[in-house]
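To start, the structure itself, in C-alpha cells.
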Amino acid sequence: METALAKKPRKRQVVFLVVLLLLWEVGADVLRYSIPEETESGHFVANLAEDLGLGVGELAARGARIHYKGNKQLLQLTRETGDLLLREKLDREVLCGTTEPCILHFQLLLENPVQFLQAELQLTDVNDHSPEFLERQMLLKIPESAQPGSVFPLKTAQDLDTGSNTVQNYTISPNSTFHVVTQNRGDGRKHPELVLDKALDREEQPEVVLVLTALDGGVPPRSGTATVRVEVVDINDNAPEFLQTVYAVQVPEDSPVSSSVVKVSARDSDAGAYGRVAYALFQGDEGAQPFVIDEVTGEIRLKGALDFETTRGYSVEIIATDGGGLSGKCTVAVEVLDVNDNAPELTMATMTSAIPENSPETMVAVFSISDPDSGDNGKMVCSIQNDLPFLLKPTFKNFYTLVTDGALDRETRAEYNITITVSDLGTPRLTTRHHVDDVNQPFEINEITGEVRLRQTLDFEKSRIHHVDIEATDGGGLTGKCSLIVKVLDVNDNAPELTLSSLTSPIPENAPEVIVAVFSVSDADSGHNQDVVCSIDDNLPFFLRPSVENFYTLVTDGALDREARAEYNITITVSDLGTPRLTTRHHVAVQVSDVNDNAPAFSQAAYTLLVRENNSPGLLIGSVSASDRDAGANAQVTYSLLPPPQQPDVAALVSVHADSGTGQLYALRALDYEALRAFEFGVRAADRGSPALSSEARVRVQLLDANDHAPAVLYPPANGSAACPELVPRAADAGYLVTKVVAVDGDAGQNAWLSFELLKATEPGLFGVWAHSGEVRTARPLSERDAPRQRLLVLVRDHGEPPLSASVTLHVLLVDGFSQPYLALPEAAAAAEAARPDSLTVQLVVALAAVSSLLVLSVLALVAARLCGASAGGGGRFPGPLLDVSGGGTLSHSYQYEVRLTGDYSTKPCLETSFKVTC
C-alpha cells in the first residue's frame with residue numbers, strides 16, 4: 001500500500017507537466033497582429049512565412065489559405081511571398097461596435113499536409129467619426145426675466161469612436177449673451193449646458209441663433225455642429241420649479257410592471273397656460289430606461305422589470321415645461337433594492353476520487369461558492385453532515401476545502417456520501433446542495449456474496465478500462481486482496497461529426513476542377529463503430545476526394561454552367577459502420593458565379609421599321625432588343641450603330657439609346673421620302689463583360705410618303721399661257737381636242753394620283769376637261785355667237801389627305817380658219833386704247849387703216865376663191881401649210897402637233913406649225 005501511494009503523486013506530476021506543455025504549444029500557435037482601422041486595402045499586415053519559420057514559396061506549395069467566419073475574406077494572402085495584406089478597408093465600428101478591444105479571429109489552413117493555425121487581428125480605433133447631434137436644431141425658450149448665470153441644459157452629441165476619440169468638449173459661437181460649459185456625468189459622458197451671461201431684452205433682440213460645436217479628443221480633432229435657436233419669451237417670467245432638485249427613491253427589484261416609483265411635482269407661479277406644467281423624461285432615452293412618466297401628474301411608473309444583478313441604480317432626469325416653453329429639471333435617483341432571488345452556486349474545482357486509509361488529514365475536494373445577490377442575500381454559509389469524519393476549511397474569497405477529520409479506516413467504512421449544503425442569509429433563505437461521492441467508481445460489491453454490480457452507467461468514451469481493488473477481511477482482521485480489471489465494450493452510441501474547415505462560394509463557371517470545401521469527419525466510438533464513410537448525391541457534378549486523417553475535399557466534377565444551374569444544394573452524408581448505423585448530414589449551398597461566355601442575342605435577325613416622312617427630330621421610330629443569358633455586368637447590353645458601306649451617313653439620320661433595356665432608335669432629323677425612300681444599317685449589341693461579346697442585327701427603315709407636294713403643271717407653262725393661246729377653228733365639232741394639261745406630283749401612290757377639273761370658263765358649257773387625262777375638249781359645236789376669246793381656269797388636284805391642288809389658266813382663240821391666225825387680245829386692245837393719240841393723229845391712222853383694210857380684204861377674197869376651187873376639185877386637203885380639220889376635229893392617234901404664235905403680236909404675228917410622228 002505504501003508503494004502504491006508513493007507512485008501516485010509522481011504519476012500526477014507527469015500528467016500535469018504534459019498538460020502544461022500542450023497549453024504552451026496551443027498558445028504559441030496563436031498569431032497576433034494589430035493595425036489601425038480604416039487602413040487602405042492592400043496594406044501590409046505581416047509576413048506569415050517569416051512568422052511561422054517557413055521558406056519562400058512553402059506556403060504556396062502547402063496550399064495555404066485564410067479562413068474567416070462567415071466566409072467573408074477580409075485579408076488576402078500572397079502565397080508566393082507569404083505577405084498578409086488587407087483586402088478591404090476595415091471599420092472597427094461596423095465589425096465590433098462598442099466592443100473594446102476589437103479582435104478579429106481567423107485561421108490559416110495548410111492543405112498539404114493539413115494543419116490549422118489560429119490568428120488574431122486587433123483593430124485599434126482611429127478618429128474616423130465626427131460627433132453628431134441627433135437633433136440638428138434645438139429650440140430653447142428663455143424668458144426675458146431670466147437672470148445672468150441661469151443654466152439651460154442642451155442635447156448631447158453622439159460619437160461612434162471610443163476612448164479619447166469620443167466627445168470631450170463643447171463650444172459655442174462667439175456672442176455676448178451666452179457661453180457654454182461642459183459637465184461630466186457619472187457614467188463618463190459629457191453634456192453641454194448653456195449659461196446666460198447678461199439679461200435678455202425681447203424688444204431689443206427677440207431671438208438669438210447660436211452654433212453649438214462638439215469636439216472630440218482625436219488628433220486632429222473632429223467636430224459636429226447643431227443650431228441652437230433661443231427664443232426670448234415675453235411676460236412668462238417664471239419657469240417651473242421642482243420641490244426637490246434630487247428625488248432619491250428605493251425600488252425592490254421584484255416590483256411588478258406598472259407599479260408606482262415616485263411622484264415628482266413642479267410649481268409655476270404664472271397663471272393660465274403659462275402655469276400648466278407638463279412632465280417628460282429628459283434626453284428622450286425612454287427606450288433605455290424601464291420608466292415612464294405621466295405628463296400631467298408627474299407620476300413615474302415601471303414599464304419593465306428591474307434586475308439588481310444587471311443594474312443597481314438609475315439616474316432619471318425629469319423636465320417640467322410650462323405652456324410658455326419654460327422648463328425646469330430635476331433628477332430622480334432610483335436605487336434598486338436587492339431581493340434574494342438567486343440561490344447560491346457551488347463550483348467544484350478539484351476532487352480526489354479515492355483517498356487512502358490511515359492518512360491523518362487528506363484533501364478530498366476544493367470548491368468555490370458564489371451568490372450574485374448583495375448584502376445578507378449574498379452572504380453564505382457552508383455545512384456538511386455532522387456524523388461524517390470530514391470537515392470544511394475556508395480559504396480565501398469564498399473558496400473551501402473538504403478534508404478528512406483524521407485517519408479513515410476502510411475496513412470500518414469504505415464509502416461516504418457527503419452532501420455540501422450552501423445557504424445564503426437572505427429572506428427567504430435559499431439553499432443549494434451538492435453531493436460528493438468520494439469513491440468515484442461505478443461499481444459496488446456485496447460484502448457477503450462478493451458480487452460486483454454496476455451502480456451507474458459506463459461510458460466507453462470517458463474510460464475504457466476500470467481497475468477495481470477488492471479486499472477480503474476475516475473476523476480476525478487478516479486481509480487478502482485481488483484486482484478486478486473491467487474492460488468497457490464500445491457501443492455505437494455516437495453519431496459521426498463533420499467539421500467544415502473552409503467553403504468557397506460562389507465558384508466560377510467553366511472551371512474544370514475547383515475545390516469547393518475542405519472538411520473533416522470524426523466519430524467518438526471505436527472499431528467499426530468509428531469507421532465512417534462519406535457520400536453525396538449521385539446526380540450532382542461534384543465528388544468527394546479523401547485526403548489525410550479523415551479530411552476530405554469537395555471538388556467539382558468538370559466545368560459548371562451557371563446558365564444551366566446557378567446554385568447547388570449539396571448534402572454531405574457521413575455514416576459509421578456500427579450497428580445500428582448512425583448518420584450525420586451536413587448541407588452546403590454552393591453558388592456558381594458568372595463568366596462572360598454568352599454573347600447577346602437579338603430577338604430577330606432583321607428588323608423592318610415603317611416611318612412616315614417629315615417626322616419631328618428626336619422621334620422614337622422603333623427599337624431592337626437583345627438579351628444575354630449571363631448575369632450582372634456580363635448581362636448588361638449596350639447598343640451601337642454599324643453603318644453599312646455605300647449607304648448615306650446613318651449616324652446623321654438615326655441614333656440608338658446605348659444603355660436602355662431595349663435598343664430604342666430615334667430619328668435625328670426630318671426624313672424626306674422623295675430624297676431617300678429606304679436605307680439600311682446594322683446594330684451591334686455588346687455586353688459589359690471582359691472581354692466583351694457582341695452580336696449584330698440588320699435594320700431596314702422604310703419611309704412612308706406624306707402628301708407634302710402640290711401638283712406641278714408642266715403644260716401649258718404658267719409664264720407663257722397668255723402669250724401662246726390655243727387656236728380652235730369655229731368649224732370644230734363637239735369633242736374636238738383643244739389641248740392637254742400636263743401635270744406631275746412629286747409624291748407617290750395615292751398622293752400622286754391627279755384629277756383635272758374645269759373651275760371657270762368664259763362661256764360655261766362650251767369646253768370640258770377630262771378628269772383623268774387632262775384633255776381639254778369642246779363640249780358642243782361652236783357657233784357664231786361664241787366670243788372669239790375664251791379664258792379657261794383648270795384645277796389640278798391630287799388624292800392625298802389633305803388633298804393639294806394647283807391651277808392653270810388657258811387662253812383659247814376661236815378662228816374661222818388658220819388663215820385668221822391672230823385676234824387682238826384684250827390686253828393688246830387695252831394697251832392701244834391707253835396709247836391713243838390726239839384726234840388729228842387718229843384721223844390719219846383711220847385713213848391709213850381704211851386703205852390697208854381694203855388691201856387685206858382683197859387678199860382674203862383671193863384666198864377664199866382659191867380655197868373654194870380646191871374643195872370643188874375633190875382633193876379634200878388644204879394646200880400648202882394649212883391643216884385639214886375635217887373628221888370631227890380630232891387628231892390621229894399616230895400624230896401629235898404643236899402650234900405656236902411667235903413674234904410681237906402688236907407688230908408682226910407669226911404662225912408656226914410642227915408635226916411629230918410618234919408611232
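Mapping of the sequence shown onto full-length UniProt numbering: position 91 corresponds to residue 91, and the numbering continues sequentially without gaps. Ideal Cβ placement from N, Cα and C applies to all residues, glycine included.
Considering just the uninterrupted stretch of the beta strand (DSSP E) at residue i, what are its terminal residues?
| i | result |
| --- | --- |
| A675 | Here A675 belongs to no beta strand (DSSP E), and DSSP marks it neither H nor E. |
| D51 | From DSSP, D51 is part of no beta strand (DSSP E) but of the alpha helix (DSSP H) over 48-52. |
| I515 | 515-522 |
| V548 | Where V548 is concerned, there is no enclosing beta strand (DSSP E), given that its DSSP letter is neither H nor E. |
| G622 | 619-624 |
| G768 | 767-769 |
| D557 | Counting along the chain, D557 falls outside any beta strand (DSSP E), and DSSP gives it neither H nor E. |
| C724 | Premise fails: C724 is in no beta strand (DSSP E) and is neither H nor E. |
Could you tell me which residues DSSP pairs with residue i in its beta bridges?
| i | result |
| --- | --- |
| E193 | P153, V181 |
| K760 | L793 |
| I470 | C482 |
| K141 | E231 |
| K462 | Paired residues: none, contrary to the question. |
| V403 | M363, L391 |
| Q107 | H67, Q118 |
| D705 | DSSP output for D705 lists no bridge partner at all. |
| Y639 | A685 |
| K329 | I319 |
| S783 | Paired residues: none, contrary to the question. |
Please report the distance separating the alpha-carbon of residue i from that of residue j.
| i | j | result |
| --- | --- | --- |
| A631 | D594 | 6 Å |
| R565 | P541 | 11 Å |
| L215 | L31 | 37 Å |
| S520 | T310 | 41 Å |
| T362 | Y33 | 47 Å |
| R301 | D91 | 40 Å |
| V264 | Y68 | 54 Å |
| A850 | V738 | 34 Å |
| Q636 | P802 | 46 Å |
| residue 920 | L196 | Any answer about residue 920 is impossible in this case: the structure gives the chain only from 1 up to 919. |
| G873 | R791 | Note that G873 scores 45 on pLDDT, short of 50, meaning its location in the model is unreliable and no value can be drawn from it. |
| K155 | V181 | 13 Å |
| A601 | L75 | 40 Å |
| N47 | R189 | 41 Å |
| H657 | E40 | 38 Å |
| Q385 | E335 | 40 Å |
| V296 | A278 | 6 Å |
| S627 | A706 | 36 Å |
| G304 | Q158 | 26 Å |
| A652 | L609 | 17 Å |
| D125 | G218 | 10 Å |
| E696 | S616 | 28 Å |
| L425 | V339 | 12 Å |
Let me know if residue i comes out buried or exposed under the rule of 16 or more other beta-carbons within 10 Å of its beta-carbon.
| i | result |
| --- | --- |
| N569 | exposed |
| V744 | exposed |
| F308 | buried |
| F291 | buried |
| residue 920 | Past the edges of the chain, shown from 1 to 919, lies residue 920, and the structure says nothing about it. |
| Y715 | exposed |
| T99 | exposed |
| R585 | exposed |
| H435 | exposed |
| H129 | buried |
| G578 | buried |
| E37 | buried |
| C482 | exposed |
| T404 | buried |
Measuring only between beta-carbons, confirm whether residue i sits less than 9 Å from chain D.
| i | result |
| --- | --- |
| V56 | Absent here is chain D; the protein component of the structure consists of one chain. |
Can you tell me where the alpha helix (DSSP H) with residue i in it begins and where it stops?
| i | result |
| --- | --- |
| V94 | 92-96 |
| L59 | 58-61 |
message = To test your reading of the DSSP string, which unbroken beta strand (DSSP E) runs of 3 or more residues are found completely within the stretch 232-271?
response = 246-252, 260-263
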